[in-house]
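Chains as they are written, first to last, in our numbering: chain A, 4 to 119; chain B, 491 to 602.
Every residue gets a Cβ at the ideal spot worked out from N, C-alpha and C, and that includes glycine.
The structure appears below as structure tokens.
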């Protein structure tokens, strides 16, 4: 149980375009999902908290107009990187909070974004 | 805010030996401490966690200990195998919103 999927697993786009990444909890409902960014050989950095039915909460230094988050249902959150630039190239990982297990986050497999 | 420090950054052990990774945290209100294993190109996988009301937890070859007074917790892997080679991250919960703060990670290499 507690499986989280992400789509796509990798994407290459041109500078200036927008890219949408989906995060789904497959076998449980997640009122809260998190989005992280991970640069090579570095740790996970929390970008934002996505709450179903309400606005996302962004961490300090993360541009909310650049990284649009939508949590429209209890099993789906999306991250859209708008007007992507090469410096946005990174590994984006989502996690879902299993409401039955306090604090326990289950991570998706990640999405590798490369902006040319 | 919460700060989590993790040591060592790299660890090489011989197959069959034990591996220990240590983390310290700063927020005394933290009450949940998970450990994740991340293989190259994949998302982190929860391998064990501990809550602040216990001092030790074990699951087969993996154990975690917690010292709340000293604010540190450790991951112990016994009888290491080559497939244990990966990056390991510790994390600690923070007060608001069930968020986690991660350590910098430890690259574990198990030599056969």
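- Using a Cβ-Cβ cut-off of 8 Å, residue 532 of chain B counts as an interface residue toward chain A, since at least one Cβ of chain A sits closer than that to its own.
- Within the same chain, 542 come within 7 Å of residue 558 of chain B by CB-CB distance, once the 5 residues on both sides are set aside.
- For residue 96 of chain A, the chain B residues whose C-beta falls within less than 8 Å of its own C-beta are 533, 534, listed in chain order.
- Secondary structure at residue 91 of chain A: helix, using DSSP grouped into helix, strand and coil.
- Taking a Cβ-Cβ threshold of 8 Å, none of the residues of chain B is close to residue 92 of chain A; the smallest such distance is about 15 Å.
- Segment contact: the stretch 109 to 117 of chain A against the stretch 55 to 66 of chain A, fewer than three CB-CB distances shorter than 8 Å; contact not assigned.
- With fewer than three CB-CB distances shorter than 8 Å, the stretch 12 to 26 of chain A does not count as touching the stretch 573 to 584 of chain B.
- Interface residue (Cβ-Cβ distance to chain A less than 8 Å): residue 594 of chain B is classified as such.
- For residue 109 of chain A, the chain B residues whose Cβ falls inside 8 Å of its Cβ are 536, in order along the chain.
- Neighbours of residue 56 of chain A in chain B, taken as residues at a C-beta separation under 7 Å, are lacking, since the least C-beta distance is about 15 Å.
- The three-state secondary structure of residue 25 of chain A, taken from DSSP, is strand.
- If you check the CB distance, residue 82 of chain A and residue 94 of chain A do not come in under 8 Å.
- Taking a Cβ-Cβ cut-off of 9 Å, residue 563 of chain B has no neighbours in chain A, whose nearest Cβ is about 14 Å from it.
- Under the three-state reduction of DSSP, residue 107 of chain A is assigned to coil, being neither helix nor strand.
- With contacts defined by Cβ atoms closer than 8 Å, residue 523 of chain B and residue 563 of chain B form a contacting pair.
- The stretch 27 to 44 of chain A makes no contact with the stretch 503 to 511 of chain B, as fewer than three CB pairs between them are under 8 Å.
- The distance from the Cβ of residue 553 of chain B to that of residue 547 of chain B is about 7 Å, consistent with a contact at the 8 Å cut-off.
- When rounded, the separation of the alpha-carbon atoms in residue 14 of chain A and residue 116 of chain A is 5 Å.
- The beta carbon of residue 79 of chain A lies closer than 6 Å to those of 27 in the same chain, with the five residues before and after it left out.
- In this structure, the CA atom of residue 599 of chain B is about 5 Å from the CA atom of residue 502 of chain B.
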